[in-house]
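Visitor:
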């Protein structure tokens with residue numbers, strides 16, 4: 007069962023604590039804290055990017071939130087075709103860029119013989135309760151960047167968690 | 013910006029990107045490729061003819077064909093490989109230079125020093 011968050015009740019002196027109230031404000035909220043809305047995607051196949059304009063990568067994550075903020079993470083192994091290829095990552099939440107043209111994370115590769123870790127965690131401020139879609143986007147300055155995935159023996163994971 | 017996703021079994025990503033940029037110019041921003049599908053990132057002003065041109069380029073793409081940069085890289089690697097076979101089997105022997113022109117002897121010593129520095133770097137020390 008999906009946990010439901012309720013704004014914790016302010017108790018009054020002498021108020022009867024019924025089972026229904028305890029279940030709603032204690033059990034359900036603890037359940038929510040233990041298992042908040044969470045989505046994750048692990049890429050099955052590696053992805054090469056040559057786009058110099060930010061483009062959707064991996065798969066979007068949609069979750070139903072309770073009105074809180076979010077932590078968004080990306081973990082991967084990546085290489086670039088040549089040295090000095092800049093790789094920009096951006097995040098769209100409900101179609102709105104969180105980092106603009108410069109994205110939310112920026113890395114410079116050193117060539118095809120060197121893999122590096124472009125991982126990051128990003129904080130997204132509270133959104134109204136309801137369904138929200140998170141899309142990871144990327145672009146390169148020139149050449150190409152390859153995100154290695156399960157098919158190449160690596161993990162490329164994108165995740166979102168309400169906090 | 014619009015995306016066009018097409019099936020593609022194998023790709024030389026840089027070569028396909030090179031061909032599409034040559035054909036479509038600034039209306040092509042690049043691509044992503046996941047091993048089975050290629051997604052072309054196109055400008056909104058791209059024409060139907062250019063979309064067909066892009067589809068043809070993807071359909072006829074030859075992954076074995078290299079870009080000029082890739083050809084240069086392959087040639088450079090072959091030249092380096094050959095030079096290693098020709099010259100890297102043993103360190104420079106200074107004896108033929110000893111007692112000859114002092115500038116030449118000094119140059120040979122410098123070459124030997126650089127050879128040792130490079131070997132140390134390649135070993136990671």
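Protein chains in written order, with the numbering used here: chain G, 7 to 169; chain H, 13 to 137.
Glycine is no exception: its CB is placed at the ideal position from the N, C-alpha and C atoms.
Predicted, not measured: the structure shown is a model, and the values here were computed from it.
1. Within a Cβ cutoff of 7 angstroms, which residues of the same chain sit near residue 19 of chain H, ignoring the five residues on either side of it in sequence?
2. Rounded to the nearest angstrom, what separates residue 64 of chain G and residue 165 of chain G at their Cα positions?
3. For the region 76-86 of chain G and the region 120-131 of chain G, state whether three or more C-beta atom pairs, one from each stretch, are separated by less than 8 angstroms.
4. Whose CA, out of G:136, G:122 and G:135, lies closest to the CA of residue 83 of chain G?
5. Mind listing the chain G neighbours of residue 43 of chain H? Cutoff is C-beta to C-beta under 7 angstroms, in chain order.
6. Would you check if the region 54-66 of chain H and the region 86-100 of chain H touch, i.e. whether three or more CB-CB distances between them fall below 8 angstroms?
7. Roughly how many angstroms lie between the CA atoms of residue 150 of chain G and residue 120 of chain G, to the nearest whole one?
8. Which residues share a DSSP beta bridge with residue 165 of chain G?
9. Quick one: which residues of the region 40-68 of chain H get their C-beta closer than 8 angstroms to a C-beta of chain G? List them in chain order.
10. Per the contact definition of three or more C-beta pairs closer than 8 angstroms, is the region 34-42 of chain G in contact with the region 101-117 of chain G?
11. Which residues bound the alpha helix (DSSP H) around residue 137 of chain G?
12. Run down chain G in chain order and give the residues with a C-beta less than 9 angstroms from the C-beta of residue 25 of chain H.
13. Since residue 29 of chain H meets chain G, which of its residues come closer than 8 angstroms, beta carbon to beta carbon?
14. Give the DSSP-derived three-state secondary structure of residue 87 of chain H in the structure shown.
15. At the level of alpha carbons, what is the spacing between residue 85 of chain G and residue 153 of chain G?
16. Is the CB of residue 102 of chain G under 8 angstroms away from at least one CB in chain H?
17. List, in chain order, every chain H residue whose beta-carbon is nearer than 9 angstroms to that of residue 61 of chain G.
18. Does residue 51 of chain G come within less than 8 angstroms of chain H when only Cβ atoms are used?
19. List, from N- to C-terminal side, the beta strand (DSSP E) runs of 3 residues or more that fit wholly inside the region 79-124 of chain G.
20. When you compare the CB of residue 157 of chain G with every CB in chain H, is at least one pair closer than 8 angstroms?
21. With a CB to CB cut of under 7 angstroms and the five nearest residues on each side skipped, what residues in its chain are close to residue 127 of chain H?
Guide: So, from the listed chains and residues:
1. Taking the first residue of the second chain as 1, we reach residue 19 of chain H at position 7. Only 48 and 49 meet the Cβ criterion.
2. Counted from its first residue, the first chain places residue 64 of chain G at position 58. Counted from its first residue, the first chain places residue 165 of chain G at position 159. About 11 angstroms.
3. yes
4. Translated into positions along the first chain, residue 83 of chain G becomes position 77. Closest by alpha carbon: G:122.
5. Walking along the second chain from the start, residue 43 of chain H turns up at place 31. Ordered by position in chain G, the residues that pass the 7 angstroms Cβ test against residue 43 of chain H are 56 and 57.
6. no
7. Position 144 of the first chain, counted from the start, is the residue given in the question as residue 150 of chain G. Position 114 of the first chain, counted from the start, is the residue given in the question as residue 120 of chain G. Those two C-alpha atoms are separated by around 14 angstroms.
8. Within the first chain, residue 165 of chain G is the residue found at index 159, counting from 1. Paired residue(s): G:46 and G:79.
9. 41, 42, 43, 44, 45, 46, 47, 48, 51 and 53
10. no
11. Sequence index remark: in the first chain, residue 137 of chain G carries index 131 (1-based). In the DSSP annotation of this structure, residue 137 of chain G is not part of any alpha helix (DSSP H); the continuous beta strand (DSSP E) holding it starts and ends at 136-146.
12. Walking along the second chain from the start, residue 25 of chain H turns up at place 13. Result: 54, 55, 56, 87, 150 and 152.
13. Position 17 of the second chain holds residue 29 of chain H. Ordered by position in chain G, the residues that pass the 8 angstroms Cβ test against residue 29 of chain H are 56 and 150.
14. To locate residue 87 of chain H, count along the second chain from 1; it is residue 75. Helix.
15. Along the first chain, read from residue 1 onward, the residue named residue 85 of chain G stands at position 79. Along the first chain, read from residue 1 onward, the residue named residue 153 of chain G stands at position 147. Computed Cα separation, rounded: 7 angstroms.
16. Start at 1 with the first residue of the first chain, and residue 102 of chain G comes out as number 96. Contacts with chain H at 8 angstroms (Cβ-Cβ) do not include residue 102 of chain G.
17. For the purposes of this step, residue 61 of chain G is identified with residue 55 of the first chain, where counting begins at 1. The contacting residues are 13, 15, 41, 42, 43, 44, 51 and 53.
18. For the purposes of this step, residue 51 of chain G is taken as the residue at position 45 of the first chain. Yes - at least one Cβ of chain H is within 8 angstroms of the one on residue 51 of chain G.
19. 83-86, 89-99 and 111-116
20. Here residue 157 of chain G refers to the residue found at position 151 when the first chain is read from its first residue. Yes - at least one Cβ of chain H is within 8 angstroms of the one on residue 157 of chain G.
21. As a working mapping, residue 127 of chain H is identified with position 115 in the second chain. Cβ neighbours of residue 127 of chain H beyond the five flanking positions: 103 and 104.
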